[in-house]
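Numbering (the numbering used here), first residue to last: 228 to 922. For each residue, glycine too, the CB sits at the ideal point set by N, CA and C. These numbers were taken from a predicted model, which means no experiment stands behind them. Single-structure report; data block below.
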């Protein structure tokens, strides 16, 4: 087995979904069954991805890289000899991500066969899935920032097509546009950050940039510029991973088909931002990490409070996704990037299962999405219920599930961060969200599957999903069990996933910049006394925080589950009376913190107001000047025409007329008779003598 074989297979993995997109798009109308080519194509891609992951982790300890010169600009002033490379890099993180993306993509393809059956644009839907998968795989295996940005934008395009797939619905077309435009805001920041790095290092390649950083070269020779570059690139993650305040697009994106929600908004597109942060983690300074940690903590808390009161089954899961992504971003900012990636993987499986499970419910309930119209479905849909329940246990962090392992490490990281930096609000938000997550997820389960049916007509017609829809649920729920990640159900630290699969990137940022948040007298003294580095000190803090974090999260998660059962299962607490007793807070949560309304009143209204003002300026001032100039020119030309017609032409014509008149007058005296001329001469002499007489 050689590195070139891995690269060749990785290239096939990248381009096979694109081939499927082209084939299904161009031949879909003529051959309606051609979508099966796309499904088989994704199965092949999945098998190849599993092979690459096993081969990479088992036989190649280092990264496998292949690159080539794409564009050679020659000698450019200021930049020197400028060459742009494209290439592929397969490390452990990207190898795992290949399997995650392709497994969920394949299962979504399978689920969609049943869910989308009968849709008028059935084959086009599968073509769009292939395009999205191709775009996401490009992000995963690239070895440079420019190629990542290209595929980043392709993901934005393909997600726009899928979110607005039912574009005849205004809400769906608006949601697609909203997702596209909001993501552009973050992408602009990301592009500027990339340009800062390129202007200083003259390369887009991760390894080359990091090598120069490790040699002590900072952007423009300043720590502040390195911090700015990290935060600006993070803006791309804020958009794609729906972080506050750019999170507003993701809940609206639920207007797309439910399998799309599972693919884009649970496991792949929204995970791209977290994946980007893990790729650039080594260049993040202390200030950049703090900004990232605070953003993630705020996002996680805000989204969790909104999810508490939502009644649309997909909206609950959407805000849950935003909250969990905030968890991952918070972990990266806290230094626990390894557990951020671990949670990315586990969350991908159980959240995809939850979304597909919601799709199974919606399909059975004739596209009803309001959980207040559901109830009692566990008897009608036992398989969907069991898979949904397992995934709910996982996201709630219950032991023996994958979510327990990843959340344990993640929360331990925030606790260690709070201990070392004094920023205790971050772990407080983290543990509070653990309580809220368990509560709103079991509220969702109980109101959907437990109790008595609230709409008997729809309940009577509900039925379990077919094999192609049920099989993905079983696979994804099985992957939410701990055994796939570690034989130790208590601690992920002992598991081969956390300790072996994910390669730990060495920091290329100088110690005094990376661990600046630990530069206090107490920590400096502790580090000096024990002859340890600040990174080792952080690792020790992580280990010491493990059990306190585990017991605290278990206690809070259990409390959340208990409260959900007391309110919605046993009716010991009247949830409606409780909500009305704190009506302002309830309405604040139900209306999503009025963030959309705030955007409408400020950004959107301001943009429209500016557009109207510019329109007025254009019509009244610019067009006024142009139209006035045209009128003045027309008036001057008219006056010139009149002057030419009546004055110039008048004088010319009068002169001609007068000359003619004189000619005609004197013509009468030209008789040709000598006698007549003698009479005129004598008469003229008499007249002259009379006029000039001497007396």
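In this structure, residue 321 keeps its C-beta atom at 8 Å or more from the C-beta atom of residue 360. CA-to-CA, the gap between residue 483 and residue 388 works out to about 9 Å. Taking residue 407 as the centre and dropping the five residues before and after it, the same chain places the C-beta of 383, 387 closer than 7 Å to its C-beta, in chain order.
It is roughly 26 Å from the alpha-carbon of residue 379 to the alpha-carbon of residue 349. Between the segment 527-540 and the segment 811-831, the count of Cβ pairs shorter than 8 Å is three or higher; the stretches touch.
Linking residue 370 to residue 622 through their CA atoms gives a straight-line distance of about 32 Å. Annotation: the continuous beta strand (DSSP E) that includes residue 299 extends over 291-303. Secondary structure in the segment 817-891: the alpha helix (DSSP H) runs of 4 residues or longer, each lying completely within the stretch, are 822-826, 832-843, 850-869 in chain order.
Separation of residue 510 and residue 338 (C-alpha to C-alpha, rounded to the nearest whole angstrom) is 40 Å. By the 16-neighbour rule on beta-carbons within 10 angstroms, residue 897 is exposed. A direct Cα-to-Cα measurement between residue 531 and residue 366 gives close to 28 Å. Annotation: the segment 436-507 contains no complete segment of the beta strand (DSSP E) (minimum length 3 residues). Annotation: the segment 621-696 contains the following complete segments of the alpha helix (DSSP H) (minimum length 4 residues), in chain order: 629-648, 652-676, 683-688.
By the CB criterion at 8 Å, residue 550 and residue 520 fall outside the cutoff. Here residue 402 really is in contact with residue 479; their C-beta atoms are around 4 Å apart, less than 8 Å. Note on geometry: alpha-carbon atoms of residue 414 and residue 491 lie some 17 Å from one another. With a cutoff of 8 Å on beta-carbon distance, residue 524 and residue 553 are scored as near each other.
Its chain contains 300, 303 as the residues whose beta carbon lies nearer than 6 Å to that of residue 309, once the 5 sequence neighbours on both sides are disregarded; these appear in chain order.
In the three-state reduction of the DSSP assignment, residue 371 falls in the strand class. Taking each of 650, 667, 894, 634 in turn and checking the Cα distance to residue 790, the smallest one comes out for 667. Per the coordinates, the alpha-carbon of residue 375 lies some 45 Å from the alpha-carbon of residue 607. In this structure, residue 385 lies near residue 355, with their beta-carbon atoms less than 8 Å apart.
Secondary structure of residue 313 (DSSP, three-state): strand. In this structure, the beta-carbon distance from residue 580 to residue 704 falls below 8 Å. Under a 10 Å Cβ-count criterion, residue 810 is classified as exposed, with fewer than 16 other Cβ atoms of the shown protein chains found around its own Cβ.
With a threshold of 16 other beta carbon atoms within 10 Å, residue 776 meets it and is buried.
Looking at the DSSP output, residue 308 bridges to 302. Residue 654 counts as buried, since at least 16 other C-beta atoms from the protein chains shown sit within 10 angstroms of its C-beta. Put simply, the backbone Cα of residue 837 is about 52 Å away from that of residue 603. The C-alpha of residue 242 lies about 12 Å from the C-alpha of residue 234.
In this chain, the alpha helix (DSSP H) harbouring residue 902 covers 901-918. In the structure shown, residue 708 adopts extended strand secondary structure according to DSSP, grouped into three states. In the structure shown, residue 532 falls within a helical segment according to DSSP collapsed to helix, strand and coil. Counting only runs that start and end inside the segment 515-586, the alpha helix (DSSP H) elements of at least 4 residues fall at 540-560.
A direct Cα-to-Cα measurement between residue 660 and residue 528 gives close to 6 Å. A straight-line Cα-Cα distance of about 10 Å links residue 228 and residue 287.
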